Amino acid sequence: MQILFFSSNLDMIDEWKRRHSVESCRSCYNLDSLQKELENLGTCLLIADYDSVAHDLNKLIYSDKLPQNTIVLERVPEIVTGKMLISHGVKAYGNSRMLTVHFSQMFETVLDGKVWTYPELTAALARRINITALSAEATELINNKLTPKENEVIHLILNGLTNDAIASKLEITPRTVKAHVSAIFTKLHVNDRVSLVLLLK
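For the sequence shown, this note's numbering begins at 100 and goes up steadily by one.
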(Lines of atoms letter the chains of each structure in order from A and count residues from 1; the text may use other names and numbers.)
(Lines give C-alpha, C1' and ligand atoms only; values in the text may rest on other atoms or scores of the structure.)
Protein backbone atom coordinates (compact mmCIF):
# COMPACT_ATOMS: atom_id res chain seq x y z
CA MET A 1 0.00 0.00 0.00
CA GLN A 2 1.29 3.47 -0.91
CA ILE A 3 2.41 5.59 2.05
CA LEU A 4 1.42 9.25 2.06
CA PHE A 5 3.17 11.53 4.58
CA PHE A 6 1.22 14.64 5.59
CA SER A 7 3.25 17.39 7.28
CA SER A 8 4.12 21.04 6.71
CA ASN A 9 7.45 20.25 8.39
CA LEU A 10 9.63 18.82 5.61
CA ASP A 11 12.34 17.92 8.13
CA MET A 12 9.86 15.63 9.89
CA ILE A 13 9.02 13.85 6.62
CA ASP A 14 12.73 13.44 5.85
CA GLU A 15 13.32 12.07 9.36
CA TRP A 16 10.50 9.52 8.97
CA LYS A 17 11.84 8.38 5.59
CA ARG A 18 15.40 8.07 6.86
CA ARG A 19 14.69 6.59 10.30
CA HIS A 20 12.22 3.95 9.09
CA SER A 21 13.85 3.27 5.69
CA VAL A 22 10.73 4.24 3.74
CA GLU A 23 11.61 4.31 0.06
CA SER A 24 8.30 4.31 -1.79
CA CYS A 25 6.16 7.16 -0.52
CA ARG A 26 4.48 10.43 -1.43
CA SER A 27 4.20 13.55 0.68
CA CYS A 28 1.93 16.56 1.00
CA TYR A 29 2.15 19.69 3.09
CA ASN A 30 -1.37 21.20 3.26
CA LEU A 31 -5.02 20.26 2.76
CA ASP A 32 -5.05 21.14 -0.96
CA SER A 33 -2.00 19.02 -1.75
CA LEU A 34 -3.41 16.20 0.40
CA GLN A 35 -6.72 16.18 -1.46
CA LYS A 36 -4.90 16.09 -4.83
CA GLU A 37 -2.73 13.17 -3.69
CA LEU A 38 -5.75 11.28 -2.35
CA GLU A 39 -7.57 11.72 -5.68
CA ASN A 40 -4.53 10.37 -7.55
CA LEU A 41 -3.71 7.52 -5.18
CA GLY A 42 -7.11 6.28 -4.10
CA THR A 43 -6.33 3.87 -1.27
CA CYS A 44 -3.24 4.72 0.76
CA LEU A 45 -1.82 4.75 4.26
CA LEU A 46 -1.83 8.36 5.48
CA ILE A 47 0.74 9.23 8.17
CA ALA A 48 0.05 12.71 9.55
CA ASP A 49 2.25 14.95 11.71
CA TYR A 50 -0.24 16.34 14.25
CA ASP A 51 2.25 18.99 15.39
CA SER A 52 2.14 20.71 12.00
CA VAL A 53 -1.20 19.77 10.38
CA ALA A 54 -3.61 19.39 13.33
CA HIS A 55 -5.92 22.10 11.99
CA ASP A 56 -6.20 20.44 8.56
CA LEU A 57 -6.59 16.98 10.09
CA ASN A 58 -9.37 18.19 12.38
CA LYS A 59 -11.16 19.67 9.35
CA LEU A 60 -11.06 16.24 7.68
CA ILE A 61 -12.35 14.57 10.84
CA TYR A 62 -15.26 16.93 11.36
CA SER A 63 -16.25 16.98 7.68
CA ASP A 64 -16.21 13.15 7.75
CA LYS A 65 -13.55 12.99 5.00
CA LEU A 66 -10.77 11.29 6.96
CA PRO A 67 -9.03 8.63 4.82
CA GLN A 68 -9.76 5.11 6.03
CA ASN A 69 -6.17 4.22 6.96
CA THR A 70 -4.93 7.24 8.90
CA ILE A 71 -2.07 7.22 11.39
CA VAL A 72 -1.45 10.33 13.49
CA LEU A 73 1.91 10.97 15.13
CA GLU A 74 2.81 13.73 17.58
CA ARG A 75 6.05 14.74 19.36
CA VAL A 76 4.40 14.54 22.78
CA PRO A 77 1.34 12.28 22.50
CA GLU A 78 -1.49 13.18 24.87
CA ILE A 79 -4.07 10.69 26.07
CA VAL A 80 -6.93 13.20 25.59
CA THR A 81 -5.87 13.82 21.98
CA GLY A 82 -5.48 10.10 21.38
CA LYS A 83 -8.96 9.33 22.72
CA MET A 84 -10.48 11.97 20.45
CA LEU A 85 -8.59 10.81 17.35
CA ILE A 86 -9.27 7.10 17.85
CA SER A 87 -12.97 7.75 18.53
CA HIS A 88 -13.14 9.62 15.19
CA GLY A 89 -11.67 6.80 13.11
CA VAL A 90 -7.90 7.30 13.26
CA LYS A 91 -6.29 3.83 13.13
CA ALA A 92 -3.11 4.62 15.10
CA TYR A 93 -1.76 7.36 17.35
CA GLY A 94 1.69 7.64 18.87
CA ASN A 95 5.03 9.42 19.16
CA SER A 96 6.39 10.94 15.95
CA ARG A 97 9.89 9.86 16.98
CA MET A 98 9.06 6.29 17.98
CA LEU A 99 11.60 3.52 17.49
CA THR A 100 11.56 1.69 14.17
CA VAL A 101 10.43 -1.54 15.85
CA HIS A 102 7.30 0.24 17.14
CA PHE A 103 6.75 1.99 13.81
CA SER A 104 6.83 -1.39 12.06
CA GLN A 105 4.38 -2.90 14.58
CA MET A 106 2.06 0.07 14.15
CA PHE A 107 2.27 -0.14 10.36
CA GLU A 108 1.53 -3.89 10.29
CA THR A 109 -1.34 -3.54 12.79
CA VAL A 110 -3.06 -0.90 10.67
CA LEU A 111 -2.52 -2.91 7.47
CA ASP A 112 -4.20 -5.86 9.26
CA GLY A 113 -7.28 -3.68 9.79
CA LYS A 114 -6.70 -3.20 13.52
CA VAL A 115 -6.20 -0.14 15.72
CA TRP A 116 -2.77 0.57 17.25
CA THR A 117 -2.11 2.76 20.28
CA TYR A 118 0.70 2.97 22.80
CA PRO A 119 0.09 1.03 26.06
CA GLU A 120 -0.90 4.01 28.25
CA LEU A 121 -3.53 5.14 25.75
CA THR A 122 -4.90 1.61 25.36
CA ALA A 123 -5.29 1.37 29.15
CA ALA A 124 -6.91 4.83 29.30
CA LEU A 125 -9.39 3.87 26.58
CA ALA A 126 -10.29 0.73 28.51
CA ARG A 127 -10.65 2.61 31.82
CA ARG A 128 -12.96 5.11 30.12
CA ILE A 129 -15.75 2.61 30.41
CA ASN A 130 -17.27 2.32 33.84
CA ILE A 131 -18.63 -1.22 34.08
CA THR A 132 -21.74 -0.04 35.93
CA ALA A 133 -22.25 2.56 33.19
CA LEU A 134 -22.40 0.02 30.36
CA SER A 135 -25.58 0.39 28.37
CA ALA A 136 -28.26 -2.26 28.73
CA GLU A 137 -27.47 -3.36 25.16
CA ALA A 138 -23.74 -3.77 25.91
CA THR A 139 -24.49 -5.71 29.12
CA GLU A 140 -26.96 -7.96 27.29
CA LEU A 141 -24.44 -8.57 24.49
CA ILE A 142 -21.75 -9.58 26.99
CA ASN A 143 -24.09 -11.81 29.00
CA ASN A 144 -25.57 -13.53 25.92
CA LYS A 145 -22.36 -14.17 24.00
CA LEU A 146 -19.71 -14.85 26.65
CA THR A 147 -19.12 -17.61 29.18
CA PRO A 148 -18.97 -16.64 32.87
CA LYS A 149 -15.14 -16.79 32.82
CA GLU A 150 -14.98 -14.66 29.64
CA ASN A 151 -17.39 -12.24 31.31
CA GLU A 152 -14.96 -11.99 34.23
CA VAL A 153 -12.03 -11.43 31.86
CA ILE A 154 -13.81 -8.75 29.81
CA HIS A 155 -14.59 -6.74 32.95
CA LEU A 156 -10.90 -6.82 33.89
CA ILE A 157 -9.95 -5.77 30.34
CA LEU A 158 -12.38 -2.86 30.58
CA ASN A 159 -10.70 -1.84 33.83
CA GLY A 160 -7.42 -1.53 31.93
CA LEU A 161 -5.65 -4.67 33.17
CA THR A 162 -3.01 -6.35 31.02
CA ASN A 163 -3.13 -10.09 30.26
CA ASP A 164 -0.46 -10.73 32.92
CA ALA A 165 -2.40 -8.72 35.52
CA ILE A 166 -5.60 -10.62 34.64
CA ALA A 167 -3.75 -13.94 34.98
CA SER A 168 -2.48 -12.94 38.41
CA LYS A 169 -5.89 -11.70 39.60
CA LEU A 170 -7.76 -14.80 38.38
CA GLU A 171 -4.93 -17.19 39.31
CA ILE A 172 -4.71 -18.66 35.82
CA THR A 173 -1.86 -18.74 33.30
CA PRO A 174 -1.25 -15.86 30.85
CA ARG A 175 -1.75 -18.42 28.07
CA THR A 176 -5.26 -19.17 29.36
CA VAL A 177 -6.01 -15.44 29.54
CA LYS A 178 -4.83 -15.06 25.95
CA ALA A 179 -7.21 -17.87 24.90
CA HIS A 180 -10.12 -16.17 26.71
CA VAL A 181 -9.27 -12.79 25.13
CA SER A 182 -9.10 -14.37 21.68
CA ALA A 183 -12.49 -16.04 22.23
CA ILE A 184 -13.99 -12.72 23.41
CA PHE A 185 -12.70 -10.93 20.29
CA THR A 186 -14.09 -13.67 18.04
CA LYS A 187 -17.51 -13.77 19.71
CA LEU A 188 -17.88 -9.97 19.71
CA HIS A 189 -16.43 -9.59 16.19
CA VAL A 190 -13.61 -7.23 17.19
CA ASN A 191 -9.90 -7.36 16.39
CA ASP A 192 -8.29 -5.77 19.44
CA ARG A 193 -8.82 -4.11 22.82
CA VAL A 194 -9.39 -0.67 21.33
CA SER A 195 -12.15 -2.01 19.04
CA LEU A 196 -13.67 -3.75 22.06
CA VAL A 197 -13.74 -0.50 24.03
CA LEU A 198 -15.29 1.36 21.09
CA LEU A 199 -17.96 -1.35 20.70
CA LEU A 200 -19.02 -1.20 24.33
CA LYS A 201 -18.75 2.54 25.04
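Note that beta-carbon positions come from the ideal geometry of N, C-alpha and C, so glycine has one too. None of these values were measured; they are calculated from a predicted model.
Straight-line CA distance for residue i to residue j?
i: L156; j: I271; result: 44 Å
i: S281; j: D113; result: 39 Å
i: D291; j: I185; result: 13 Å
i: R196; j: V175; result: 9 Å
i: V339; j: L198; result: No information on residue 339 is available, as it lies outside the stretch 100 to 300 that the chain covers here.
i: Q167; j: V189; result: 8 Å
i: G181; j: V152; result: 15 Å
i: T169; j: E219; result: 20 Å
i: H154; j: L269; result: 45 Å
i: L144; j: E207; result: 11 Å
i: F105; j: V276; result: 39 Å
i: K116; j: I265; result: 39 Å
i: H254; j: Q134; result: 42 Å
Just checking my contact of residue i with residue j at CB under 8 Å: how many whole Å lie between their CB atoms?
i: L299; j: L233; result: 6 Å
i: L165; j: L159; result: 5 Å
i: T221; j: V289; result: Actually they do not touch by this definition, with Cβ atoms about 13 Å apart.
i: L240; j: I283; result: With a Cβ gap of about 11 Å, L240 and I283 do not count as contacting.
Tell me whether residue i sits in a helix, a strand or coil according to DSSP, three-state version.
i: N242; result: helix
i: I146; result: strand
i: R117; result: helix
i: G193; result: strand
i: S234; result: coil
i: S281; result: helix
i: I271; result: coil
i: T180; result: helix
i: Q101; result: coil
i: S162; result: coil
i: E251; result: helix
i: T221; result: helix
i: R292; result: helix
Got a sec? Which residues, its chain only, sit under 7 Å from residue i by beta carbon, not counting five neighbours each side?
i: R226; result: N258 and G259
Closer than 6 Å by C-beta to residue i: which residues in its own chain qualify, once you throw out the five before and the five after it? Chain order, please.
i: R125; result: L103 and E136
i: D263; result: P273
Ignore the nearest five residues each way along the sequence and tell me which others in residue i's own chain have a CB closer than 8 Å to its CB.
i: T231; result: Bear in mind that a pLDDT of 49 at T231, under 50, signals an unreliable position, so the number given afterwards is only what the model happens to contain. Answer for T231: no residue qualifies.
i: S123; result: Q101 and I102
i: S120; result: T199
So does residue i have its beta carbon nearer than 7 Å to some heavy atom of the ligand PLP?
i: H279; result: The ligand PLP is not among the ligands present in this structure, which contains no ligands whatsoever.
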